[in-house]
Amino acid sequence: MQIFHHGKTREEGFVMLRALVLSVSVMMIISALMCIFGSFILNAKNNMVDELKIIEIENLRVENEIN
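Here it is, written out as structure tokens:
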């Protein structure tokens, strides 16, 4: 029994559909992992920026004490 106009049978159509669903789910998993790792990287960068600001404030305080 042919349900597709491309000459595909029902079983071939289910195989194609299963492959499509699998590839979409793999892409969604990969994008979720990229979002998680990206948030970790941004969080680490923000922490480094905060530490640099603290060091800069301490340096200014030391300079004011010297003067």
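According to the working numbering, the residues represented by the sequence shown are 298 to 364, in order. Every residue, glycine too, gets a C-beta built ideally from N, C-alpha and C. Small disclaimer: the values here were computed from a predicted structure and weren't measured.
Output the distance between the C-alpha atoms of residue i and residue j, rounded to the nearest integer angstrom.
{"i": "Val312", "j": "Asn343", "result": "46 Å"}
{"i": "Met324", "j": "Arg315", "result": "14 Å"}
{"i": "Cys332", "j": "Ala341", "result": "14 Å"}
{"i": "Ile327", "j": "Glu355", "result": "42 Å"}
{"i": "Gly335", "j": "Thr306", "result": "43 Å"}
{"i": "Ile352", "j": "Val346", "result": "10 Å"}
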